[in-house]
Amino acid sequence: MSKNLKWAVIFLAAMLLSLGVIIFGQFSHGTVSAEIYVDGKLYSVVNDLDRQEMRTFTVQTEYGSNTVCYKAGKIWVSEADCENHTCEKYGKASLAGETIVCAPHRLVIRIVSTSYKKADVTV
Ligand SMILES: [Zn+2]
7 MSKNLKWAVI FLAAMLLSLG VIIFGQFSHG TVSAEIYVDG KLYSVVNDLD RQEMRTFTVQ
67 TEYGSNTVCY KAGKIWVSEA DCENHTCEKY GKASLAGETI VCAPHRLVIR IVSTSYKKAD
127 VTV
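Using the numbering used here, you'd call the opening residue of the sequence shown number 7 and step up by one each time.
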């Protein structure tokens with residue numbers, strides 16, 4: 007094998023590898039959703055977390071209200087009438103397992119991956 011051909015093969019292999027990473031990355035990115043819990047009970051599930059236009063909804067409970075926004079795989083609390091505003095300050099959550107907590111309102115927003123959820127449902 008000539009030196010040039012050898013490098014061409016290595017280059018091609020590296021290209022294919024990075025392409026695979028990109029495709030797999032997009033695929034795994036598309037499987038996240040968010041679960042919203044109030045008082046330890048499932049309040050709502052956001053299945054279209056990946057949508058490109060921002061969507062906003064309000065979680066109104068006896069403890070108070072939190073305005074939640076999500077877009078492009080990220081979810082965050084934009085407004086809350088709680089005392090410490092920790093939930094607002096947290097910023098955007100996008101990774102599976104990431105959790106936004108509003109302790110005064112007993113609100114938990116948790117990012118879950120669909121594959122993890124499937125395992126959960128079969129129990
Ligand atoms: Zn809060």
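Glycine included, each C-beta is placed from N, C-alpha and C at the ideal position.
Here the structure is a predicted model, which is why all the values come from computation and not from measurement.
So does residue i have its beta carbon nearer than 6 Å to some heavy atom of ligand 1?
i: alanine 86; result: yes
i: cysteine 75; result: no
Using 10 angstroms around the beta-carbon of residue i, count the other beta-carbons present and answer buried if the total reaches 16, otherwise exposed.
i: isoleucine 16; result: exposed
i: lysine 47; result: exposed
i: asparagine 72; result: buried
Determine, using beta carbons only, whether residue i and residue j come nearer to each other than 7 Å.
i: valine 52; j: tyrosine 69; result: no
i: serine 39; j: valine 118; result: yes
i: threonine 64; j: valine 44; result: no
Might you give, ordered along the chain, the residues of its own chain that have their beta carbon closer than 8 Å to the beta carbon of residue i, omitting 5 neighbours on each side?
i: serine 100; result: Val38, Gly79, Lys80, Ile81, Ile117
i: arginine 61; result: Asp54, Cys75, Tyr76, Lys77
By Cβ distance, which residues of its chain are closer than 7 Å to residue i, with the 5 residues on each side in sequence left out?
i: alanine 102; result: Val38, Ile117, Val118, Ser119, Tyr122
i: glutamate 104; result: Ile117
Once you ignore the five residues that flank residue i on each side, which residues in its own chain have a CB closer than 6 Å to its CB?
i: cysteine 93; result: Val83, Ala86, Ile106, Cys108
i: tyrosine 96; result: Ile106
contact_flag[the stretch 104–115, the stretch 74–94] where n(CB pairs < 8 Å) is 3 or more: yes
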